[in-house]
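Residue numbers (our numbering), protein chains in the order written: chain Z, 32 to 301; chain D, 7 to 285.
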Amino acid sequence: MCFDRATLAYGDRVVWSELSMTVTPGEFLAVLGPNGSGKTSLLRALLGLVSLSSGSLEVLGEPPRRGNPAIGYIPQHAGFERDVPLRGRDLVGLGVDGHRWGFGRLSRADRARVGAALEAVAAGPFADAPIGRLSGGEQQRLRIAQALVGNPRLLLCDEPLASLDMRYQQEITELIGGWAREHRGTVVFVTHDVNPVLGFADRVVFVVNGRWAAGKTDEVLTSQTMSSLYDAPVEVLRVRGRIVVVGEGSGAGFDIDEPHHFPEPAGAHQ
Amino acid sequence: MIGQLVHLLPYEFVQNALIAGVIVAFVAGLVSRFVVARNMSFAVHALAEVGFTGSAGFILIGLSPVLGLLTGSLLVAVFIGALGLRIRERDAVVGVVMGFGLGLGVLFITLYSRYATEAFAILFGAITAVSRGDLILLAVVAAITLVGLGIMYRPLTFATVDPAVAEARGVPVRLVSILFLLLLAAAVAEAVQVVGVLLILTLLITPGATAERLTAQPGLATAVSIGVALLATVGGILLALVTTVPVSFYVTTIAFVCYLAARLGAPALERLRGVPTAS
């Protein structure tokens, strides 16, 4: 995966500019930044859903294209409605053939693949229950099975941990990181909190206000780099193995409920 | 009562009504699943009411009211599709288009007050007045709808329950939404023949809503939905034949009873299957 001076703008709002970065196969890249800083747009560009304004981008050795079967995608966790007539098994099945036209049943081989994908995330026991009744962590495990059932080489995750509690956050991260190690798969993991992925991320890219910085976690998440990105004094603290980013602009400076949110840049557009 | 029915069955109008009922119910039951899953009840209402305007307009210029109905609802589908596909917008767009459409309908009826019976038939349905010609038109529209739904069944299902991943996997979500609206317009124009504009919700929403209560298995839910639509329509027609109460009353009542039974019976069914109820 290779960004070369890639710029994305909607009208005159530049999301990120001149982004250059290469991710080699098997790498785990964490995409960080405050809300609305263009992290999701980065995934949409990789999926071929938005076009760059300038520069170039290669995904798995080719220009991005819609529906590339070598890419798996895990969306932000938004709970399914309680009564949606769908079981986990059906959700994973849609990952196999949902994009195909026509009316069709899964072949025996495809059903076996669905079964194996469900086993791989230990979702067997609740695979046949209505999906709307499952917990957030269970639903998200099914999402992982859905993304992995097509044997992708690249896995794109858009805030897969949002609104999950700590236990599930760890469980989901370990499933994704474990897959990457076992299959030498590449992962792009969008998250507003770097801490759950600290043990897995080979590299991070931090996006804010159209600017970006990429490199090893320890190189990017420093007070110096972050201050120049935000163009304001920002402090990066390491507390008990966790990383906390504190900016002057972030109100009380420490939000007890979500201590690991990145500060909003001055003049940020939501 | 049974004897009376047997006596009536050889009549052509009775046969036509039953055949039309089966065709309409089958299409409506299938489409209903997606209407409910996509939160499109209000759109169904608008498609039907502006369909009424279309048929009033066509009566005015001396053309077939059924074709007018189809034209009216297809036009609304195009408008809704072009103006608002996001759920937030869609609600308002549907309301805006429906309001104007109904206004036009009022104008058409005022301009042509003589044939109020035809307008009445469109509002409340007139299945026993279906001719062999209507039947052929119905069958053709039904075939188009079924083939269309068959072609887009999987991507439509994917885009309905899981739009974010569907888009990422290459499903043309926007195109699928517009195509479904057009098919829905055709299905509405069909169902109007049986229950009329005002009671359309009975055939296009109640079966799907009933099915959702009873099973989480998509294929089975579709079968249940079609079953409920068939039961209500055919049952309604048969009951209306032997009494003096109109078809629409029986169809709506049977559908409503099915829904109530499903709501009341669902918890017991879930306990039987051991579905987790916590949420």
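C-beta: ideal position from N, C-alpha, C; glycine also.
Residue range of the unbroken beta strand (DSSP E) whose run includes residue i
i              : result
residue 118(D) : Here residue 118(D) belongs to no beta strand (DSSP E), and DSSP marks it neither H nor E.
residue 266(Z) : 265-270
residue 235(Z) : 234-239
Residues near residue i in its chain [Cβ-Cβ closer than 8 Å; skip 5 each side]
i              : result
residue 95(D)  : 89
residue 145(D) : 29
residue 49(Z)  : 36, 37, 38 and 86
residue 81(Z)  : 39, 72 and 75
residue 25(D)  : 141
residue 11(D)  : 244, 247 and 248
Chain-order list of residues whose beta-carbon lies under 6 Å from that of residue i (same chain, five-residue window excluded)
i              : result
residue 244(Z) : 237, 251, 256 and 260
residue 283(Z) : Here the model assigns residue 283(Z) a pLDDT of 38, short of 50, so the residue's position is not dependable and the matter cannot be decided.
residue 43(D)  : 166
residue 14(D)  : 20 and 247
residue 43(Z)  : none
residue 63(Z)  : 225, 235 and 237
residue 79(Z)  : 95, 96 and 97
residue 114(D) : 62, 63 and 66
residue 286(Z) : Confidence in residue 286(Z) is poor, its pLDDT being 36 and thus under 50, which makes the residue's placement too unreliable to answer from.
residue 236(D) : 31
Strand pairing of residue i, partner residues [DSSP]
i              : result
residue 33(Z)  : 53(Z) and 89(Z)
residue 189(Z) : 221(Z)
residue 59(Z)  : 218(Z)
residue 40(Z)  : 45(Z)
residue 274(Z) : 269(Z)
residue 103(Z) : 186(Z)
Cutoff 7 Å; reference residue i; Cβ partners in own chain excluding five residues on either side
i              : result
residue 157(Z) : 119, 165 and 169
residue 178(Z) : 103, 104, 105, 126 and 186
residue 270(D) : none
residue 122(Z) : 162, 173 and 177
residue 133(Z) : none
residue 85(D)  : 103
residue 118(D) : 65 and 66
residue 61(Z)  : 220, 222, 225, 228, 232 and 235
residue 167(Z) : 108, 110, 194, 195 and 199
residue 219(D) : 268, 269 and 272
Continuous alpha helix (DSSP H) stretch holding residue i: start and end
i              : result
residue 162(D) : 138-167
residue 209(Z) : 197-214
residue 242(Z) : Residue 242(Z) -> not in any alpha helix (DSSP H); beta strand (DSSP E) instead, spanning 242-246.
residue 97(Z)  : First-last for residue 97(Z): undefined, no H or E at that position.
residue 24(D)  : 18-43
residue 223(D) : That residue, residue 223(D), is in no alpha helix (DSSP H); it is neither H nor E in DSSP.
residue 12(D)  : 8-14
residue 60(D)  : 47-66
residue 77(D)  : 71-89
residue 206(D) : 206-210
residue 186(D) : 179-201
residue 71(Z)  : 70-77
residue 256(Z) : 254-261
Neighbouring residues, chain D, relative to residue i (Cβ below 9 Å)
i              : result
residue 177(Z) : 168 and 171
residue 130(Z) : 160, 161, 164, 172, 175, 176 and 177
residue 125(Z) : 160, 163, 164, 167, 168, 171, 172 and 175
residue 80(Z)  : 173 and 174
Where residue i meets chain Z, residues with beta-carbon distance less than 8 Å
i              : result
residue 269(D) : None at all; the shortest Cβ gap to chain Z is about 11 Å.
residue 286(D) : Because chain D in this structure spans residues 7 to 285, residue 286(D) falls outside the shown range and cannot be described.
Contact set between residue i and chain D, taken where Cβ atoms lie within less than 7 Å
i              : result
residue 118(Z) : 222 and 223
residue 121(Z) : 224
residue 98(Z)  : 175 and 176
residue 156(Z) : The contacting residues do not exist; residue 156(Z) stays about 11 Å from chain D at best.
residue 106(Z) : 170 and 171
Contact list for residue i against chain D, beta-carbon separation under 8 Å
i              : result
residue 214(Z) : Ordered by position in chain D, no residue passes the 8 Å Cβ test against residue 214(Z), which lies about 19 Å from the chain.
residue 114(Z) : 218 and 219
Chain-ordered chain Z contacts of residue i [CB-CB under 7 Å]
i              : result
residue 150(D) : Going along chain Z, no residue has its Cβ under 7 Å from residue 150(D), so there is no contact; the nearest lies around 15 Å.
Neighbour list for residue i in chain Z, Cβ cutoff strictly below 9 Å
i              : result
residue 157(D) : 132, 133 and 134
Residue i CB to nearest heavy atom of the ligand ADP below 7 Å
i              : result
residue 199(D) : What this structure holds is no ligand at all, so the ligand ADP is not there to describe.
CB contact check: residue i to chain A, cutoff 8 Å
i              : result
residue 241(D) : Of the chains in the structure shown, none is chain A; the protein chains are Z and D.
Counting only runs of 4+ residues fully inside the segment 105-186 of chain Z, write out the alpha helix (DSSP H) ranges in chain order.
119-128, 139-151 and 167-179
Which full runs of the beta strand (DSSP E) of 3+ residues lie inside the segment 242-267 of chain D, going along the chain?
none
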